[in-house]
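Asks:
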Amino acid sequence: VIGKGMTPPQKIPLAPEKICMDWQQKRRPGAGLYNLGSTCYLNVILQCLTYTPPLANYLLSRHHSQFCCRQGFCMMCVMEAHVRKVLCSSASAIRPKAVIRVLKCKQLQVLQQDFFSSLIGELLTPFLVLGEFKPDVPGDAYEFLCCTLNAMQTACLSGSSKKSHKHKLTPSINFPQHFYFLPVTCLRCKTVNDIFKTFWDILLKIKGASSLTTALEDFVRPKEMDGQISLCLGSRCMKEVAVTEMVTVHQAPRVLAVCLGRAEDGTNRKLSQVVEYPEHLDLRPYMSDPAGESVLYSLYAVVVHTGHTCLGGHFFCYIKASDGQWYKMNDVSVDSCDIHTVLGQQAYLLFYAR
1 VIGKGMTPPQ
11 KIPLAPEKIC
21 MDWQQKRRPG
31 AGLYNLGSTC
41 YLNVILQCLT
51 YTPPLANYLL
61 SRHHSQFCCR
71 QGFCMMCVME
81 AHVRKVLCSS
91 ASAIRPKAVI
101 RVLKCKQLQV
111 LQQDFFSSLI
121 GELLTPFLVL
131 GEFKPDVPGD
141 AYEFLCCTLN
151 AMQTACLSGS
161 SKKSHKHKLT
171 PSINFPQHFY
181 FLPVTCLRCK
191 TVNDIFKTFW
201 DILLKIKGAS
211 SLTTALEDFV
221 RPKEMDGQIS
231 LCLGSRCMKE
241 VAVTEMVTVH
251 QAPRVLAVCL
261 GRAEDGTNRK
271 LSQVVEYPEH
281 LDLRPYMSDP
291 AGESVLYSLY
301 AVVVHTGHTC
311 LGGHFFCYIK
321 ASDGQWYKMN
331 DVSVDSCDIH
341 TVLGQQAYLL
351 FYAR
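Going by the UniProt record's numbering, the residue at position 3 of the sequence shown is 3; the numbering climbs one at a time, nothing skipped.
What follows is the structure, given as structure tokens:
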């Protein structure tokens, strides 16, 4: 649904009814990943994407590589090869060398610079210079997730051949962009200007929040924009005035990533508080129409950061595999666990699917 002020998509993605949200084939958990220097931040994101059911189903079908016509670097082709290797390998652990090589690709570096330049001042994760990833330098999992999704979407929008259009479009079915609704209210004349912005994930401030639901409630609460002014187009104003802003989810994504920002006020100090999060989440109370039917999600992956500050530490993750069981993935190790263990973590990233 495209509302007023919303930019139509460059391509129509695969029809929702054709996206299978359940695993099409059950198999044992795949391989762990070697840490090739300081690549734990990269490993956890690769594992979470590998165990995102609709994305894994699509990549395992090899549909993208069959019709891809991109010259040189293509993040979708890289991810397709990686997911197949992880889930089909008989080895207990593999080296993600192809993804490591991508970090040095000039085309990826350009995407990093373009993408992160728009987020400076908004990210709550000062782990490194934005958009610069090196195998031997600690990095941030959230920043790598954002950059990877951006590169994958770019590949989907520009990499399919004419032949593929005769069959079906190469879809961005992993974490497709959806819309925030931001009504901005003039404090002088009360004129409301409706603004829509795309998003892949929800970035939450957690200082003072005891749970995911309280952090989401604060996220959608109307806020006066201190020190910020906006041009009011109301007939009684037509001038720059103070405004309030309220953010809600306008379109519910099929896959939702939530970042619990643990850097305190843009410093290197880490917020180590426990933030409770549920196995099942109803997004409806945080949407533009909070009175509609429930929009239910189930947790399928969690990223955890250990360490006393944001500059360093270690990342590991928990994923729900196609056999319905939970596993802790800590670089090369893959160990089974239960949902109670998963829900008791100092989470940094949460992944939910409808």
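Glycine residues also receive a C-beta, built at the ideal position from the N, C-alpha and C atoms.
Using the beta-carbon count (16 or more within 10 Å), is Thr253 buried or exposed?
Replies: As a working note, residue 253 is residue 253 in the sequence shown. One detail in the question is off: residue 253 reads as Pro in this sequence, not Thr. The residue is buried, with at least 16 neighbouring Cβ atoms inside 10 Å.
Asks: With H, G and I counted as helix, E and B as strand and the rest as coil, what does DSSP make of Lys85?
Replies: What you label residue 85 is simply residue 85 of the sequence shown in a count that begins at 1. Of the three classes helix, strand and coil, the one that applies to Lys85 here is helix, per DSSP.
Asks: Go through its chain and collect everything with a Cβ distance to Leu46's Cβ below 7 Å, but skip five positions before and after it.
Replies: Position 46 of the sequence shown holds residue 46. Closer than 7 Å at the Cβ level, and outside the excluded window around Leu46, lie Leu33, His82, Pro96, Val99.
Asks: What are the uninterrupted segments assigned as alpha helix (DSSP H) that are 4 or more residues long and contained completely in the region 40-94, given in chain order?
Replies: 40-50, 53-60, 63-67, 75-88
Asks: Quick check: Tyr318 and Val334, are their CB atoms within less than 8 Å of each other?
Replies: Mapped onto the sequence shown, residue 318 falls at position 318. Mapped onto the sequence shown, residue 334 falls at position 334. Not a contact, by the Cβ cut-off of 8 Å.
Asks: Count the CB pairs spanning the region 207-214 and the region 276-284 that are closer than 8 Å, and state whether there are at least three.
Replies: yes
Asks: Along the chain, where does the alpha helix (DSSP H) that runs through Lys97 open and close?
Replies: Walking along the sequence shown from the start, residue 97 turns up at place 97. First-last of the alpha helix (DSSP H) with Lys97: 97-102.
Asks: Within the same chain, show all residues whose beta-carbon is closer than 6 Å to that of Arg354, passing over the 5 residues directly before and after it, in chain order.
Replies: As a working mapping, residue 354 is identified with position 354 in the sequence shown. Here the set comprises Arg254, Tyr297.
Asks: In the DSSP assignment, what are the bridge partners of Tyr352?
Replies: Here residue 352 corresponds to residue number 352 of the sequence shown, with the count starting at 1. For Tyr352, which the question treats as bridged, DSSP gives the partners Leu256, Leu299.
Asks: Work out the CA separation of Ser65 and Ala263 for me, nearest whole Å.
Replies: Within the sequence shown, residue 263 is the residue found at index 263, counting from 1. Within the sequence shown, residue 65 is the residue found at index 65, counting from 1. If you take the alpha carbons of Ala263 and Ser65, they lie about 39 Å apart.
Asks: Roughly how far, in whole angstroms, is the beta-carbon of Cys337 from the beta-carbon of Tyr327, given that I think they are within contact range, below 8 Å?
Replies: Within the sequence shown, residue 337 is the residue found at index 337, counting from 1. Within the sequence shown, residue 327 is the residue found at index 327, counting from 1. Taking the Cβ atoms as the reference, Cys337 lies roughly 7 Å from Tyr327, within the contact range of under 8 Å.
Asks: What is the residue span of the alpha helix (DSSP H) that His340 lies within?
Replies: One-based indexing of the sequence shown puts residue 340 at position 340. Here the alpha helix (DSSP H) through His340 covers 339-342.
Asks: Please check the pair Leu260 and Ala347, which I expect to be a contact at CB under 8 Å, by giving their CB distance rounded to whole angstroms.
Replies: Looking up residue 260 in the sequence shown gives position 260. Looking up residue 347 in the sequence shown gives position 347. The pair is a contact, with the Cβ atoms about 6 Å apart (cut-off 8 Å).
Asks: Between the C-alpha atoms of Pro53 and Leu299, what's the straight-line distance to the nearest angstrom?
Replies: Numbered from 1 along the sequence shown, position 53 holds the residue referred to as residue 53. Numbered from 1 along the sequence shown, position 299 holds the residue referred to as residue 299. Roughly 12 Å between the two C-alpha positions.
Asks: Identify whether Met329 lies in helix, strand or coil by the three-state DSSP scheme.
Replies: Counting from 1 along the sequence shown, the entry for residue 329 is found at position 329. Note: Met329 maps to strand in three-state DSSP.
Asks: Work out the CA separation of Ala31 and Ala93 for me, nearest whole Å.
Replies: Here the question's residue 93 lines up with position 93 in the sequence shown. Here the question's residue 31 lines up with position 31 in the sequence shown. Each residue's Cα considered, the two are about 5 Å apart.
Asks: Between the Cα of His314 and the Cα atoms of Asn35, Ile19, Lys207, Arg28, which residue gives the shortest distance?
Replies: In the sequence shown, residue 314 corresponds to position 314, counting from 1. Of the listed residues, the one whose Cα sits closest to His314 is Asn35.
Asks: Taking all protein chains shown into account, decide if Asp201 is buried (16 or more other Cβ within 10 angstroms of its Cβ) or exposed.
Replies: Stepping through the sequence shown from its first residue, residue 201 is reached at position 201. Classification of Asp201: buried, given that the 10 Å Cβ count is 16 or more.
Asks: Classify Thr306 as helix, strand or coil using the three-state DSSP reduction.
Replies: Taking the first residue of the sequence shown as 1, we reach residue 306 at position 306. Strand at Thr306.
Asks: Assign Arg284 to one of three DSSP states: helix, strand, or coil.
Replies: Position 284 of the sequence shown, counted from the start, is the residue given in the question as residue 284. It is helical.
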